Amino acid sequence: MRSVAGTSAGPTEEIGRAKALHDAGAITPAEFDALKSQALSRSSYTE
C-alpha cells in the first residue's frame with residue numbers, strides 16, 4: 030500500500046491527499062479506506 034502520510038500532516042491533510050489519489054484513480058477504494066482509518070487512528074493518540 031502506498032503511504033500519503035507526512036510526519037507533520039494531520040488527519041485532515043492525510044485524508045485529503047488520499048482522496049485526491051483515489052479521485053485520480055491512483056489508489057483503490059480499499060486503499061483509500063485503509064489510509065483514512067490509519068489517519069483517524071493516529072489522530073486519537075495525539076493530544
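Residue numbers (this note's numbering): 30 to 76. Ideal Cβ placement from N, Cα and C applies to all residues, glycine included. Computed from a predicted structure; not experimentally measured.
Cut-off 7 angstroms between Cβ atoms - residues of its own chain near residue i, not counting five sequence neighbours on either side
| i | result |
| --- | --- |
| Ile44 | Lys65 and Ala68 |
| Glu76 | Reliability of the predicted coordinates at Glu76 is poor, the pLDDT of 48 falling under 50, and the value obtained from them is presented with this limitation in mind. There are no such residues. |
Euclidean distance between Cα positions of residue i and residue j
| i | j | result |
| --- | --- | --- |
| Pro58 | Arg71 | 20 angstroms |
| Ala38 | Arg46 | 10 angstroms |
| Leu50 | Ile56 | 6 angstroms |
| Gly54 | Glu60 | 11 angstroms |
Neighbour flag for residue i against chain C, beta carbons, 8 angstroms
| i | result |
| --- | --- |
| Ala68 | Checking the listed chains, one finds no chain C in this structure; it contains a single protein chain. |
Cβ-based neighbour list, residue i, same chain, cut-off 8 angstroms, excluding 5 preceding and 5 following
| i | result |
| --- | --- |
| Pro40 | Ala68, Leu69, Arg71 and Ser72 |
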